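Below you'll find the structure, written out as structure tokens, and then a few comments.
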Amino acid sequence: MIFLINPSSIGNKLNMKKSEFNNLIKSRKNLFNNLNNTELISVKKQFPYCEIIYNIVLIKAYLNNDLNFNDILSDCAVRSSNRQNLFKLIHPTKKINKKNKHLEYSFEDWLKNSSKKKHVKTTNSFISQSVEKSVKNDLNLTTETLAKIYTDQGHYERAIQAYKVLCLKYPKKSGFFANRIKEIRNKIK
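Per this note's numbering, residue 137 is the first one in the sequence shown, and the count goes up by one each step.
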């Protein structure tokens with residue numbers, strides 16, 4: 137059971153009992169409305185190491201747009217064990233009302249809407265053009281590995297052409313590439 141303290145009696149008593157202080161903290165509804173700054177200061181003097189009192193003073197200063205808010209905030213931040221909680225006290229998270237807007241459609245409505253969607257058909261000419269672009273050999277990109285891949289895949293004509301390009305590109309290895317071309321021609325026969 138929560139007992140409420142008469143706020144005017146706080147300032148009169150020099151030594152507040154612990155139970156009275158606990159009841160004051162538990163009665164959150166009347167805490168900010170009934171206590172004035174002088175009463176809070178006297179409670180703060182009685183309990184100098186109580187973080188809750190400093191938080192109450194801070195919130196009251198914030199709600200009243202007190203000019204000394206920054207000083208009170210710095211004092212409270214020094215005495216606070218967790219500054220993130222202090223930030224949450226000043227700036228509480230706002231609850232967002234997410235109303236589920238559930239649109240109900242019948243199966244017939246769904247069929248009507250789905251039939252309105254246009255299916256994009258790709259033409260064969262577009263596909264063939266993209267295949268031709270990918271098949272075209274770029275002579276600048278010809279490497280030994282590419283020539284080996286052509287040989288392994290059975291594209292002997294492309295492999296021979298790749299080795300000829302490599303002969304021109306690397307004249308020191310032209311003998312090696314010429315031997316590869318002969319091997320490929322023997323495989324063709």
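Ideal Cβ positions, reconstructed from N, Cα and C, are used throughout, including at glycine.
Small disclaimer: the values here were computed from a predicted structure and weren't measured.
Can you give the Cα-Cα distance for G311 and K318, rounded to whole angstroms? Near 11 Å, if we compare the C-alpha coordinates of K318 and G311.
Name the residue from D245, Q220, K162 and I226 whose alpha carbon lies nearest to the alpha carbon of V193. Nearest to V193 by alpha-carbon distance, out of D245, Q220, K162 and I226, is I226.
Within a Cβ cutoff of 6 Å, which residues of the same chain sit near C212, ignoring the five residues on either side of it in sequence? If we look at C212 and ignore the five residues flanking it on each side, its Cβ neighbours are Y190 and L194.
So what's S217 in DSSP terms, helix, strand or just coil? Reduced to three states, the DSSP call for S217 is coil.
Could you pull out every residue in the same chain whose Cβ sits closer than 8 Å to the Cβ of K305, ignoring the five residues on either side in sequence? For K305, same chain residues with a beta-carbon under 8 Å away, outside a window of 5 residues either side, are T278 in chain order.
Please tell me whether E187 and R215 are closer than 7 Å, where the distance is taken between their beta carbons. Yes, the pair counts as a contact, with Cβ atoms nearer than the cut-off.
Limits of the unbroken alpha helix (DSSP H) element including C186: From DSSP, C186 is part of no alpha helix (DSSP H); its letter is neither H nor E.
Using the C-alpha atoms, what's the distance from C303 back to N315? For N315 and C303, the distance between alpha carbons rounds to 11 Å.
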